[in-house]
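This report refers to the structure that appears directly beneath it.
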Amino acid sequence: MKPMRLRQALEAFGETDRMYLTPEDPNARARRKKAGGNTGKKFIEGWVEFKDKKKAKKAASALHGREVGGKRRSAHYYDLWNVRYLPKFKWDNLTEEMEYQKALKEKKMQLELSVAKKERDFFLAKMDQAKALEAMKERRAKRRAAEGAEDDETEEAALARYHREKEEEDNRERKRILRTFKQKAVENPTFVDDTKELANLDLLRSIFVKRD
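All residue numbers for the sequence shown refer to full-length UniProt numbering, where the first residue is 1 and numbers rise by one.
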């Protein structure tokens with residue numbers, strides 16, 4: 001049922017104010033259109049605010065469980081109303097719930113994207129590893145063929161050697177990145193002459209020490 005049609009049906013009981021309808025899942029609509037069903041936009045639930053709560057109660061009591069009716073050619077003719085009056089319900093409660101559901105949906109989407117990224121990185125890493133192993137086998141086979149020997153290395157041994165060489169390469173890269181700084185010598189160093197300091201201390205004592 002379209003929003004305008006719903007408002008017209010409810011305003012038979014009293015003047016309405018704000019209205020919000022929750023649209024159906026876009027994927028559900030796409031599947032319905034693909035199956036040859038109704039292509040129109042549907043809503044799964046909604047909230048309507050009456051300016052007079054007494055009339056809101058009357059509308060909920062009169063419509064709940066009854067057929068929508070109207071013209072027989074209408075797609076909603078045999079549908080049943082499912083209407084409830086919500087006491088102590090404020091419009092702010094609805095907006096808060098909408099914001100919460102929106103944040104929850106965004107968080108779920110971020111989690112799905114994170115999982116998909118990890119799966120992609122794992123798959124790419126495995127592909128790179130397989131390519132490296134294949135190239136390693138080809139180089140070893142050529143070298144063994146040139147030496148006139150048979151290649152008896154197992155797949156497990158080749159994989160272990162690949163990881164060992166990869167680790168050695170990473171270590172070389174880390175050492176290349178690390179920089180060592182030489183400590184510069186202190187310019188114009190000041191040396192303390194202990195002999196002079198002791199002589200000065202004896203002189204001060206001879207001046208200020210009280211003599212009997």
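We put the beta carbon where it would ideally sit given N, CA and C, even for glycine.
Everything numeric in this text was worked out from a predicted model, so none of it was measured.
* To do: Would you mind stating whether D17 and E67 have Cβ atoms separated by less than 7 Å?
  => As a position in the sequence shown, residue 17 is number 17, starting the count at 1. As a position in the sequence shown, residue 67 is number 67, starting the count at 1. No, the Cβ-Cβ distance between D17 and E67 is not below 7 Å.
* Can you grab the Cα-Cα spacing for the pair L10 / A75, in whole Å? => Taking the sequence shown and counting its residues from 1, the one referred to as residue 10 is at position 10. Taking the sequence shown and counting its residues from 1, the one referred to as residue 75 is at position 75. Going from the Cα of L10 to the Cα of A75 covers about 18 Å.
* In terms of residues, what are the limits of the alpha helix (DSSP H) holding R84? -> For the purposes of this step, residue 84 is identified with residue 84 of the sequence shown, where counting begins at 1. No alpha helix (DSSP H) contains R84, which DSSP labels as neither H nor E.
* Reducing DSSP to helix, strand and coil, say where Y20 ends up. => What you label residue 20 is simply residue 20 of the sequence shown in a count that begins at 1. DSSP, reduced to helix, strand and coil, places Y20 within a strand of the structure shown.
* Asked: With which residues is W47 paired in a DSSP beta bridge?
  -> Taking the sequence shown and counting its residues from 1, the one referred to as residue 47 is at position 47. Paired residue(s): Y20.
* Asked: Can you tell me whether DSSP reads E119 as helix, strand or coil?
  -> Taking the sequence shown and counting its residues from 1, one reaches residue 119 at position 119. Three-state result, E119: helix.
* Asked: If you draw a straight line from the C-alpha of K118 to the C-alpha of A125, how long is it?
  -> As a first step, residue 118 is located in the sequence shown; it is residue number 118 there, counting from the start. As a first step, residue 125 is located in the sequence shown; it is residue number 125 there, counting from the start. Approximately 10 Å, taken between the alpha carbons.
* Taking just the CA atoms, how far does Y85 sit from F13? -> Locating residue 13 in the sequence shown gives position 13, where the first residue counts as 1. Locating residue 85 in the sequence shown gives position 85, where the first residue counts as 1. Roughly 13 Å separates the two Cα atoms.
* Asked: Can you name the residues that DSSP bridges to E67?
  -> Counting from one through the sequence shown, the residue named residue 67 turns up at place 67. Beta-bridge pairing links E67 to L80.
* Beta carbon of W81 nearer than 7 Å to that of H64 -> What you label residue 81 is simply residue 81 of the sequence shown in a count that begins at 1. What you label residue 64 is simply residue 64 of the sequence shown in a count that begins at 1. It is a contact, given that the beta carbons lie within the stated cut-off.
* Which first and last residues belong to the alpha helix (DSSP H) in which R7 is found? -> Position 7 of the sequence shown, counting from 1, holds the residue named residue 7. From DSSP, the alpha helix (DSSP H) with R7 extends over 3 to 10.
* To do: Give the secondary structure of T95 by DSSP, where H, G and I count as helix, E and B as strand, and everything else as coil.
  => Numbered from its first residue, the sequence shown carries residue 95 at position 95. It is helical.
* Asked: Taking the alpha carbon of D52 as the point to measure from, which residue in A30, P87, R31, E15 has its own alpha carbon closest?
  -> Residue numbering aside, residue 52 sits at position 52 when the sequence shown is read from its first letter. When each option's Cα is compared against that of D52, the closest is E15.
* Asked: Out of curiosity, what's the CA-to-CA distance linking A103 and Y20?
  -> Locating residue 103 in the sequence shown gives position 103, counting from the first residue. Locating residue 20 in the sequence shown gives position 20, counting from the first residue. Going from the Cα of A103 to the Cα of Y20 covers about 19 Å.
* Grouping DSSP H, G and I as helix and E and B as strand, with all else coil, what is D25? -> By one-based count along the sequence shown, residue 25 stands at place 25. Coil.
* Using a Cβ-Cβ cut-off of 8 Å (strictly less than) and excluding sequence neighbours within five positions of R7, which residues of its own chain qualify? -> By one-based count along the sequence shown, residue 7 stands at place 7. Taken in chain order, the residues that qualify are T16, M19, V48.
* Asked: What do you reckon, are the CB atoms on E24 and K42 nearer than 7 Å?
  -> Stepping through the sequence shown from its first residue, residue 24 is reached at position 24. Stepping through the sequence shown from its first residue, residue 42 is reached at position 42. Going by C-beta atoms, E24 is nearer than 7 Å to K42.
* Where K41 falls: helix, strand or coil (DSSP) -> Locating residue 41 in the sequence shown gives position 41, where the first residue counts as 1. Coil.
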